[in-house]
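Engineer: Mapping to the working numbering: the sequence shown position 45 is 48, numbers consecutive.
Could you have a look at this structure, given as structure tokens, before my questions?
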Amino acid sequence: MHNPGEMNSERHYFALIGDIIDSRHEQDRYDVQKKLQSILSSVNAEHAAHIAADFLITLGDEFQGLMFAEKGADPIFVADRIIDEMFPVRIRIAIGFGGMATQIRREAAIGADGEAFYRARHGMNLLRKAENRGRAYSRILLDAGGAECSECERNVRRKELETGVNTVLLLLSALRRERTKRQNEAAAMYVRNAVTNAAQTQTELAKRLGITQSTFNISLSVSNAREYAEGLIAAEALLSELKTDGEHAENGDKECADKTVLT
Numbered sequence: 004m005h006n007p008g009e010m011n012s013e014r015h016y017f018a019l020i021g022d023i024i025d026s027r028h029e030q031d032r033y034d035v036q037k038k039l040q041s042i043l044s045s046v047n048a049e050h051a052a053h054i055a056a057d058f059l060i061t062l063g064d065e066f067q068g069l070m071f072a073e074k075g076a077d078p079i080f081v082a083d084r085i086i087d088e089m090f091p092v093r094i095r096i097a098i099g100f101g102g103m104a105t106q107i108r109r110e111a112a113i114g115a116d117g118e119a120f121y122r123a124r125h126g127m128n129l130l131r132k133a134e135n136r137g138r139a140y141s142r143i144l145l146d147a148g149g150a151e152c153s154e155c156e157r158n159v160r161r162k163e164l165e166t167g168v169n170t171v172l173l174l175l176s177a178l179r180r181e182r183t184k185r186q187n188e189a190a191a192m193y194v195r196n197a198v199t200n201a202a203q204t205q206t207e208l209a210k211r212l213g214i215t216q217s218t219f220n221i222s223l224s225v226s227n228a229r230e231y232a233e234g235l236i237a238a239e240a241l242l243s244e245l246k247t248d249g250e251h252a253e254n255g256d257k258e259c260a261d262k263t264v265l266t
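Here it is as structure tokens:
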């Protein structure tokens with residue numbers, strides 16, 4: 004059971020920081036922000052049991068939230084949902100894994116600080132640097148605080164997990180980027196049905212969109228929705244090891260304190 008306003012430096016969390024890419028060029032910026040806030044409110048309600056600090060818009064077009072690193076918490080699914088529901092507006096989201104150094108208020112993550120947020124901010128910087136080398140697309144990136152060369156086996160393993168997750172997420176970004184709005188609607192509905200085990204039939208999903216099953220299937224094929232769902236589930240599954248670390252951090256290797264320097 005989670006206690007409101009807790010501060011536990013031993014417990015680990017997933018901090019999510021995101022923002023709208025080129026938001027100044029959005030003609031209907033107010034409506035975009037209003038839509039984003041509505042999506043974040045839905046996320047807070049549906050994932051309430053695993054949220055340490057609610058998702059909300061902070062400065063301008065930036066938003067953030069904090070989730071417990073525990074079984075049942077699905078930060079990648081949450082990030083992907085935000086991106087899908089904001090489409091075609093492009094969103095970048097970084098997920099940072101680590102502890103917290105300040106007290107956590109459930110109603111807002113504003114003012115909260117610690118390794119999880121340091122790493123999420125570092126991840127955002129990496130995404131922006133990558134965008135400078137080409138057109139910016141919606142992307143998700145994980146910074147787990149691992150190290151390729153470390154005396155701590157756990158840190159090395161975290162780096163391996165981080166690399167694996169980010170490789171999958173980069174490929175998923177490539178699958179998503181050429182979708183039309185209609186294709187994305189069909190793909191997003193299919194993916195959400197798959198990751199939540201909702202078990203709705205394709206006929207039912209097509210009906211919700213007001214299209215035929217044949218048209219729905221064509222959209223799934225063109226958008227690579229089935230492959231996308233499998234990749235997303237695989238990426239979230241890779242995080243299961245970090246979630247175990249997060250739940251039992253206080254019993255972990257004390258000598259394995261994170262010493263990674265963010266650059």
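No residue lacks a Cβ here, since even glycine has one placed at the ideal position from N, Cα and C.
Taking the C-alpha atoms as reference points, what is the distance between A190 and D22?
Structural biologist: Their backbone Cα atoms lie some 22 Å apart in a straight line.
Engineer: Can the beta-carbon of S26 be found closer than 8 Å to that of D64?
Structural biologist: Closer than 8 Å, so yes.
Engineer: Report the three-state DSSP secondary structure of R182 (helix, strand or coil).
Structural biologist: Of the three classes helix, strand and coil, the one that applies to R182 here is coil, per DSSP.
Engineer: Take the Cβ of E181 as the centre, count every other Cβ of all protein chains shown within 10 Å, and call the residue buried at 16 or more, exposed below.
Structural biologist: With fewer than 16 Cβ atoms within 10 Å of its Cβ, E181 is classed as exposed.
Engineer: Take the Cβ of D116 as the centre, count every other Cβ of all protein chains shown within 10 Å, and call the residue buried at 16 or more, exposed below.
Structural biologist: Exposed, because fewer than 16 other Cβ atoms sit within 10 Å of the Cβ of D116.
Engineer: Can you tell which of V92, E230, S226, S243 has the C-alpha that lies nearest to the C-alpha of H28?
Structural biologist: Measuring from the Cα of H28, the nearest candidate turns out to be V92.
Engineer: Let's see if you can read the secondary structure: which residues bound the beta strand (DSSP E) around E65?
Structural biologist: Per DSSP, E65 belongs to the beta strand (DSSP E) from 65-71.
Engineer: CA-CA distance, A2 and V46?
Structural biologist: What is shown of the chain runs 4 to 266, which leaves residue 2 out entirely.
Engineer: Taking 8 Å as the cut-off, decide whether the C-beta atoms of A123 and A56 are in contact.
Structural biologist: For A123 and A56, no; Cβs fall outside 8 Å.
Engineer: Check whether the segment 170-181 and the segment 140-148 are in contact - that is, three or more C-beta pairs closer than 8 Å.
Structural biologist: Yes, the segment 170-181 is in contact with the segment 140-148.
Engineer: Nearest-angstrom Cα distance between R2 and Y33?
Structural biologist: Residue 2 is absent from the model: the chain starts at 4 and stops at 266.
Engineer: Jot down the residue ranges of each uninterrupted beta strand (DSSP E) in the segment 107-167, minimum 3 residues, whole runs only, in chain order.
Structural biologist: The segment 107-167 contains these whole beta strand (DSSP E) runs: 142-146.
Engineer: Please list the terminal residues of the continuous alpha helix (DSSP H) segment that includes R84.
Structural biologist: First-last of the alpha helix (DSSP H) with R84: 78-89.
Engineer: L241 and F100: beta carbons closer than 8 Å?
Structural biologist: Not a contact, by the Cβ cut-off of 8 Å.
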